[in-house]
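Asks: The structure follows.
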Amino acid sequence: LKAAQDKLAEFLAAARHAVAFTGAGISTECGIPDFRSPGGLWTQNKPIPFDLFLAHRAARNEAWRRKFAMDAAFGGAVPGRGHRALAWLLAQGRLHGIITQNIDGLHQASGVPDDALVELHGNTTYATCLDCAQRYELDWVRTRFEAAGGHAPDCTACGGAVKTATVSFGQAMPEREMARAAALTQACDLFIVIGSSLVVYPAAGFPLRAKRQGARLVILNREPTDLDAVADLVVRAEIGDVLAPFAAADAAPA
Ligand code: NAD
Ligand code: ZN
């Protein structure tokens, strides 16, 4: 572990433009399971594909039932050691941006400003109308959902479907966020993947783009990934254990 931390510290010190790319693995120590973990939360509350959400009222009701069930399970999650380390490195100017696949809002909660964060898959802490983009708070949706006996409310402005502000499977990627992620990737000389199985595209394409344009690639994940073979450093360990020393000035490796 120490050797991997030293190497990562050395790469960070040498980098002029370091970017972190995070996935569900950075939030598991906060109690939010990733897709692979056993236990079944995601199996019972699988995300509804976008085409079904659009096509059927029953699917929209079910999507909101699952969303509220997941919130009941881990709605109170707070940032973990990985989030705190990245926020600290950013504040120090040793990291230049974070691209995340996560929708849990924990990077913001750790103090990362919006202009340093790209949320490729959106955010599950609020909702929008799919037709007119009107924003709705979750409490507003939940109150109506419960009062109507499990029926999801429609947009009061236009009658459109109201959905969490996440990018569902089958839904188009947000252009602005994709462009911001591409710009960060293009400019970076160090790209650190943290807690992603690197199987969900197009998000998983960014590490390879970074490597191709000459950046060092670091992969921190407890399981192997498809890109381990091309990485400059692979750390197969617990994210919190590896990153904890980077979270405070006095403890940071030189
Ligand atoms: P994933 O579930 O496919 O992979 C997570 C990886 O992290 C796994 O390879 C796992 O071995 C590793 N991991 C888990 N905990 C770890 C730890 N403590 N230390 C080291 N490694 C650890 O996640 P993904 O690649 O992000 O893709 C899943 C998709 O699901 C994403 O699109 C994301 O939007 C969504 N998702 C988000 C959340 C969230 O917001 N917290 C949670 C689950 C899924
Ligand atoms: Zn609307």
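Going by the UniProt record's numbering, the residue at position 232 of the sequence shown is 238; the numbering climbs one at a time, nothing skipped.
Where is the CB? At the ideal position from N, CA and C, for every residue including glycine.
Quick caveat: nothing in here was measured; it's all calculated off a predicted structure.
Any idea if R90 is buried or exposed, counting beta-carbon neighbours within 10 angstroms, 16 or more meaning buried?
Replies: Buried: at least 16 other Cβ atoms inside 10 Å.
Asks: Let me know if Q11 comes out buried or exposed under the rule of 16 or more other beta-carbons within 10 Å of its beta-carbon.
Replies: Per the 10 Å Cβ criterion, buried.
Asks: I'd like to check one pair, A171 with Y132: are the Cβ atoms closer than 7 Å?
Replies: Taking 7 Å as the Cβ cut-off, Y132 and A171 qualify as a contacting pair.
Asks: For a test of the three-state rule: what should DSSP assign to I38, helix, strand or coil?
Replies: If DSSP states are grouped into helix, strand and coil, I38 belongs with coil.
Asks: Specify, as a first and last residue, the run of the beta strand (DSSP E) that F17 falls within.
Replies: Where F17 is concerned, there is no enclosing beta strand (DSSP E), although the alpha helix (DSSP H) it sits in stretches over 8-20.
Asks: On the premise that I200 lies in contact with I38, defined as a C-beta separation below 8 Å, what is that separation, rounded to the nearest angstrom?
Replies: Not really, about 15 Å apart at Cβ, beyond 8 Å.
Asks: My output table needs one value for T231: the three-state DSSP class, helix, strand or coil.
Replies: Three-state DSSP puts T231 in coil, outside helix and strand.
Asks: Distance check for A154 and A26, CA to CA, integer angstroms please.
Replies: The alpha-carbon atoms of A26 and A154 are separated by roughly 43 Å.
Asks: Which runs of the alpha helix (DSSP H) fall wholly inside the region 27-96 and span at least 4 residues, in chain order?
Replies: Listed in chain order, the complete alpha helix (DSSP H) runs (minimum 4 residues) inside the region 27-96 are 47-50, 56-61, 63-80.
Asks: Going by DSSP, name the residue or residues bridged to L223.
Replies: DSSP output for L223 lists F197 as bridge partner(s).
Asks: According to DSSP, what are the bridge partners of A167?
Replies: Beta-bridge pairing links A167 to D160.
Asks: With a CB to CB cut of under 6 Å and the five nearest residues on each side skipped, what residues in its chain are close to K217?
Replies: Counting only Cβ-Cβ distances below 6 Å, and skipping sequence neighbours, we find L223, V236.
Asks: Quick test of your reading: N129 and I105, contact by CB under 8 Å. State the CB separation rounded to the nearest angstrom.
Replies: That belief does not hold up - the Cβ atoms of N129 and I105 are roughly 14 Å apart, past 8 Å.
Asks: Cβ of T170 within 6 Å of any heavy atom in the ligand NAD?
Replies: No; taking the cut-off as 6 Å, the Cβ of T170 has no heavy atom of the ligand NAD nearer than that.
Asks: Report the partner residues of I104 according to the DSSP bridge assignment.
Replies: Paired residues: A26, L123.
Asks: Give me whichever residues DSSP pairs with V241 in a beta bridge.
Replies: Bridge partners of V241: L226.
Asks: Tell me the DSSP bridge mates of G128?
Replies: According to DSSP, which records beta bridges pairwise, G128 is partnered with T172.
Asks: From L226 to L7, what does the alpha carbon distance come to, in whole angstroms?
Replies: Approximately 11 Å, taken between the alpha carbons.
Asks: Among the candidates C138, D40, V124, G86, whose CA atom is the shortest distance from the CA of A115?
Replies: When only C-alpha atoms are compared, the closest one is G86.
Asks: Please classify A189: does DSSP put it in a helix, a strand, or coil?
Replies: Helix at A189.
Asks: Cα-Cα, which of C138, V168, H127 is closest to W146?
Replies: Closest by alpha carbon: V168.
Asks: If contacts are defined as beta-carbon pairs under 8 Å, then L196 and G88 qualify, I think. What distance do you get, rounded to the angstrom?
Replies: L196 to G88, Cβ: 17 Å. No contact.
Asks: May I ask which residues mark the beginning and end of the alpha helix (DSSP H) holding G211?
Replies: From DSSP, the alpha helix (DSSP H) with G211 extends over 211-218.
Asks: In the DSSP assignment, what residue or residues form a beta bridge with Y142?
Replies: Beta-bridge pairing links Y142 to A133.
Asks: Leaving out the 5 sequence neighbours to the left and right, which residues in its chain are closer than 6 Å to C135 when beta-carbon positions are compared?
Replies: So the list reads C161, G166, V168, once near-sequence residues are dropped.
Asks: May I have the straight-line CA-CA distance separating A243 from D137, to the nearest angstrom?
Replies: Distance between the alpha carbons of A243 and D137: 43 Å.
Asks: Output needed for D232: all residues of its chain with C-beta closer than 7 Å, excluding positions within five of it in sequence on either side, in chain order.
Replies: Result list for D232: L204, in chain order.
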